[in-house]
């Protein structure tokens, strides 16, 4: 990317929107032009970032534009009229459509990225975990051919990202349904009060939920093309995901062969780290990478267990969105 790209965000009250604002504060090639939120109108981006202990502080110069850029409340028509290169929809599930109806009609040569689950199964949208994008090119539409229209990217889910990174190298070697057990920090339950982010419920506790046909279970099965079972849980820590994955293999493997497979698969991906030890959440908090490791085989060499860990607000959401933006502009030669 050779030019400074302009970006607008719809919906920043949630944790992912806040993380995205933080990441963009000193971004070398992207500048935030506007931010829209119904409940935060009039607050400067600097004041917004200073308001939460769970997020790393951002150092801003006295003349940084975040000190004066204020959050607005923009209608669907207002958003469609904005001439920014990139629009990020950081809204709760089910709310993106009204903005898209206006924007699709009015804008060309623009990138829209949706952080919700609304379009992860829609073939007119580009679904992308960047590290897997070119490895599964046959399943992806060619975004270069969409340059004369609005390009729409659906950002993957946090659990779904952790599962797919763990499973992708194994897709052609699994004989049965993959079983996935995930634990997320309570930020994954969002800012709206619920049983899954209630401090009293979470104290000294782990809460199972969505144990059958969780949306991310369908997401992984659809995009990897293999059946999986997924059991999500929420814990009392704020951010991070630990995903334990167990698969039955078609033939006998050794740990050396497993390690070689994963290291070769992710050798060019700086944000995917493969290690022998079992990864843990503390290793990925406030970091943009995903760690895969802890490979353990049964005595017969045909059952494999492994663990992937990532920060659900970063690699599971906001920083992956920025990766996808960069992927698009690099792919298109912009």
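Numbering (my numbering), first residue to last: -17 to 316. The beta carbon of each residue, even a glycine, is placed where N, CA and C say it ideally should be. Please read these numbers as outputs of a predicted model, since none were measured by experiment.
Distance, residue j Cα to residue i Cα
i: residue -11; j: residue 257; result: 36 Å
i: residue 296; j: residue 217; result: 18 Å
i: residue 171; j: residue 178; result: 6 Å
i: residue 289; j: residue 312; result: 31 Å
i: residue 0; j: residue 31; result: 7 Å
i: residue -13; j: residue 11; result: 6 Å
i: residue 104; j: residue 44; result: 44 Å
i: residue 355; j: residue 24; result: Lying before the first or after the last residue shown, residue 355 is absent from the chain, which here runs from -17 to 316.
i: residue 279; j: residue 78; result: 44 Å
i: residue 15; j: residue 308; result: 18 Å
i: residue 46; j: residue 265; result: 31 Å
i: residue 92; j: residue 247; result: 32 Å
i: residue 152; j: residue 144; result: 14 Å
i: residue 160; j: residue -15; result: 44 Å
i: residue 259; j: residue 17; result: 42 Å
i: residue 250; j: residue 64; result: 37 Å
i: residue 154; j: residue 206; result: 10 Å
i: residue 224; j: residue 197; result: 18 Å
i: residue 317; j: residue 237; result: Nothing can be reported for residue 317: it is not among the residues displayed for the chain, which extend from -17 to 316.
i: residue 242; j: residue 281; result: 19 Å
Supposed close pair residue i, residue j - CB separation, criterion 8 Å
i: residue -6; j: residue 22; result: 7 Å
i: residue 72; j: residue 192; result: Their Cβ separation, rounded to whole angstroms, is 22 Å, which puts residue 72 and residue 192 out of contact at 8 Å.
i: residue 188; j: residue 274; result: That pair is no contact at about 22 Å.
i: residue 28; j: residue 48; result: 4 Å
i: residue 102; j: residue 201; result: 5 Å
i: residue 26; j: residue 50; result: 6 Å
Proximity below 9 Å, CB of residue i to CB of residue j
i: residue 263; j: residue 162; result: no
i: residue 240; j: residue 286; result: yes
i: residue 53; j: residue 94; result: no
i: residue 166; j: residue 222; result: yes
i: residue 56; j: residue 7; result: no
i: residue 190; j: residue 214; result: yes
i: residue 135; j: residue 110; result: yes
i: residue 70; j: residue -9; result: yes
i: residue 38; j: residue 4; result: yes
i: residue 337; j: residue 114; result: Since the displayed the chain opens at -17 and closes at 316, residue 337 lies outside it and no answer follows.
i: residue 261; j: residue 276; result: yes
i: residue 158; j: residue 229; result: yes
i: residue 270; j: residue 156; result: no
i: residue 164; j: residue 212; result: yes
i: residue 255; j: residue 272; result: yes
Cβ neighbour criterion (16 or more within 10 Å) applied to residue i
i: residue 268; result: exposed
i: residue 199; result: buried
i: residue 36; result: exposed
i: residue 112; result: buried
i: residue 130; result: With a pLDDT of 44 at residue 130, under the threshold of 50, the modelled position of this residue cannot be trusted, and the question is left open.
i: residue 169; result: buried
i: residue 300; result: buried
i: residue 116; result: exposed
i: residue 252; result: exposed
i: residue 127; result: Summary for residue 127: the model assigns pLDDT 47, below 50, so the residue's position carries little reliability, and this model does not support an answer.
i: residue 108; result: buried
i: residue 302; result: buried
i: residue 184; result: buried
i: residue 100; result: buried
Cβ-heavy atom distance, residue i to the ligand HEM, below 8 Å
i: residue 271; result: Judged by which ligands are present, the structure shown has none, so any question about the ligand HEM falls away.
Answer yes if the region 283 to 294 comes into contact with the region 138 to 157, meaning at least three C-beta pairs across the two stretches below 8 Å, and no otherwise. The region 138 to 157 is in contact with the region 283 to 294.
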